[in-house]
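Notes for the one structure printed next.
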Amino acid sequence: MRLRFHCQNRIGILRDIVSHFVDYGLNVARGEVGGEHGNAIYLHVPNLLNAQLATLKPELEAVSGVFGVRRVGLMPSERRHLELDALLSSLSDPVMSIDMEGHIVAANRAAGQLLGVRIDEVPGLSLNRYLPDLDLPALVRRNNARVNGLRIKLRDATFLADIAPLHREHHDDVASLAGAVITLHSADRIGERIYQVQRQELRGFDALFQASPRLAALIREARRMAPLDAPLLIHGETGTGKELLARACHLASARGQSPFMALNCAGLPESMAETELFGYAPGAFEGARPEGKLGLLEMTAGGTIFLDEVGEMSPRLQVKLLRFLQDGGFRRVGSDEETYLDVRVICATQQDLPKLCTEGHFRHDLYHRLNVLSLAVPPLRDCRDGIEAMALHFIDRAARQIGCRMPGLSPAALARLSAYHWPGNVRQLENVLFQAVSLCEGDTIEPAHLRLPDVGEAPGLSGIDLDGSLADIMGDVERRVLSTLYPQHPSSRQLAKRLGVSHTTIANKLRQYGIGSAD
């Protein structure tokens, strides 16, 4: 059991506290001092029972200078260790710390995978075994400053290494080298890194497309809801950018400088989803870490948690999430200690939650708690008037990432994009155009460069805007027919022959809808 004592910072207070445990034959395994002014003492008493604590608590709080005693889930050092471990594990690049003899002191999971060993086998390994031609400790001593972009070869892969020296303070305030932290960046992914940096140049709502009136209206709604602290539910098909919208709402709120964490509830076993979201206590189950694990909620304290595909959440987790939304409290797996946090909850789903409620698969009370504010992201097929602007943006982005000149987009290719039904929405459009840029050897993307699978074709009138008069609706259908057939019959004469109408009629229609060159 771990205890926190709120107390005075006076000489002998720790001895006076520990003496009470000695009287009961209890061993104090570890102690730490915390608090801004040393006004908190943490003790780990492994064999202390709840019944004993109930008896001891009045005695402990009677010690001079002790103001209160309560149970805690983690010692401060354990929490720091968990937070550091979570941070390192989230990094996709190999990161390792070495001492001045060239032995690895600590490393993240990506480094273990690179070295071909389990993460618990990494400490103590000699880096010279993997880099026989490079004496890193000597390099650190020689430079005694940060080194960026050092090209090295490790296990037949080329990396650019960033090396940051670690210093320790001597008693005479003279700093000496203690080792270095090494971060390895794959040389093959440098172009992708530049691309990711460029993607982050525009943040929040500025990174979202507003070329279509429907998307512009969505962003206006989202801007109004972003500063509010109530739960937000985002509806939309896969690939429509629900997480981007959630991040934009977070950045535009008062929590914008606090953490944003995301968890996809789809496909996760109930036990894994529960420990990921709520964490677990030390020794909660067989195979658990002895120090326990922080959940995403605790790592997001003060910020925003984004739960994607919330309709896939198990009944047990729905109950725990409902409780958290009601009073901000929850319990880690295997713990009876209540934890209270201030976290905004944003959820997303592509399912019909009211229907799931009717079928008994989703709680009505949870749905109403989540649906305080709601946004509906339209599918790409309903925003065809913005496809050209999106396409040009994605082509420019892909060309920058690949490192080639930006190709143009032929009218026939644009017509093909505009006529497609886009089951994968904006994400699919971006992927298709990235592939098109990589396939294009000339200056213009043609329909042949567009790899568009004919699967998931929308049936019936799906995707057709039924607003307006019959003439408007028929005009939309006519435009789609011409846009679809024009790439296979790329002239007004060929298309007129295919449809059995006059060349003049087709030329006028193509000109009216801005398709092709209407020759």
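The sequence shown begins at 1 in UniProt numbering and counts up by one.
Backbone N, C-alpha and C define an ideal beta-carbon position, used for all residues, glycine too.
Just so you know, the alpha carbons of Gly31 and Leu43 end up roughly 4 Å apart.
Assignment of alpha helix (DSSP H) within the segment 97-179, counting only whole runs of 4 or more residues, yields 109-115, 136-143 in chain order. Using a Cβ-Cβ distance cut-off of 8 Å, the segment 239-246 and the segment 265-273 are not in contact, since fewer than three pairs of beta carbons, one from each stretch, lie closer than that value. If you look at Leu228, you'll find it isn't in any beta strand (DSSP E); DSSP assigns it neither H nor E. When Gly302, Pro227, Leu218, Leu417 are compared, the shortest CA-CA separation from Ser258 is found for Gly302.
In the DSSP assignment, Asp327 falls within the unbroken alpha helix (DSSP H) covering 315-327. Look at the beta carbons and you see the segment 441-449 not touching the segment 421-430: under three pairs across the two are nearer than 8 Å. With distances taken between CA atoms, Arg70 lies nearest to Pro58 out of Pro58, Ala415, Gln350. Counting only residues of its own chain and dropping the five nearest sequence neighbours on each side, Ala398 has a CB closer than 7 Å to the CB of Leu433, Phe434, Val437. In this structure, Asp336 is the residue among Met474, Asp336, Gln351, Gly386 with its C-alpha nearest to the C-alpha of Asn50. The Cβ-Cβ distance between Ala284 and Val333 falls below 7 Å.
For the options Ile219, Gln326, Lys355, Glu121, the alpha carbon positioned closest to that of Met96 is the one of Glu121. Runs of the alpha helix (DSSP H) spanning 4 or more residues and lying entirely within the UniProt domain "ACT" (2-74) occur at 13-23, 50-61, in chain order. DSSP places Asp308 in the uninterrupted beta strand (DSSP E) bounded by 304-308. In this chain, the beta strand (DSSP E) harbouring Glu338 covers 338-340. Counting along the chain, Thr349 sits inside the beta strand (DSSP E) bounded by residues 344-349. In the structure shown, the three-state DSSP call for Phe285 is coil.
For Met261, the enclosing beta strand (DSSP E) stretches over residues 260-264.
Apart from the 5 residues on each side of it in sequence, Ser418 sits with its Cβ closer than 6 Å to the Cβ of Arg384, Ile387, Ser483 in its chain, given in chain order. Around the beta-carbon of Leu91, fewer than 16 other beta-carbon atoms lie within 10 Å, marking it exposed. The C-alpha of Gln318 lies about 15 Å from the C-alpha of Leu297. The beta carbons of Leu177 and Asn144 sit about 7 Å from each other, so the pair counts as a contact at 8 Å. Its Cα nearest to that of Leu452, the residue Asn431 stands out among Ala471, Asn431, Lys509, Val477.
Within the DSSP secondary-structure output, Ser253 pairs in no beta bridge. Across the set Glu291, Ala86, Ile219, Val345, the C-alpha of Val345 shows the shortest separation from the C-alpha of Arg323. Annotated three-state conformation of Gly408 is strand, per DSSP. The closest CA to that of Arg381, considering only Gly236, Ile119, His361, Gly65, is found on Gly236. Straight through space, the alpha carbons of Arg142 and Leu184 are spaced by roughly 20 Å. The continuous alpha helix (DSSP H) containing Ala436 extends over residues 425-439. Per DSSP, Ala389 is one residue of the alpha helix (DSSP H) stretching across 387-402. Taking the Cα positions, Asp85 is about 8 Å away from Asn108. Contact check for Ser314 against Glu359 fails: the beta carbons are separated by 7 Å or more. By DSSP's assignment, Phe362 forms no beta bridge with any residue. Excluding residues up to 5 positions away in sequence, Glu83, Ala86, Pro259, Met261 lie with their Cβ nearer than 8 Å to the Cβ of Met299 in the same chain. In the DSSP secondary-structure assignment, His235 is bridged to Thr349, Ala376. Ala448: not part of any alpha helix (DSSP H); DSSP gives it neither H nor E.
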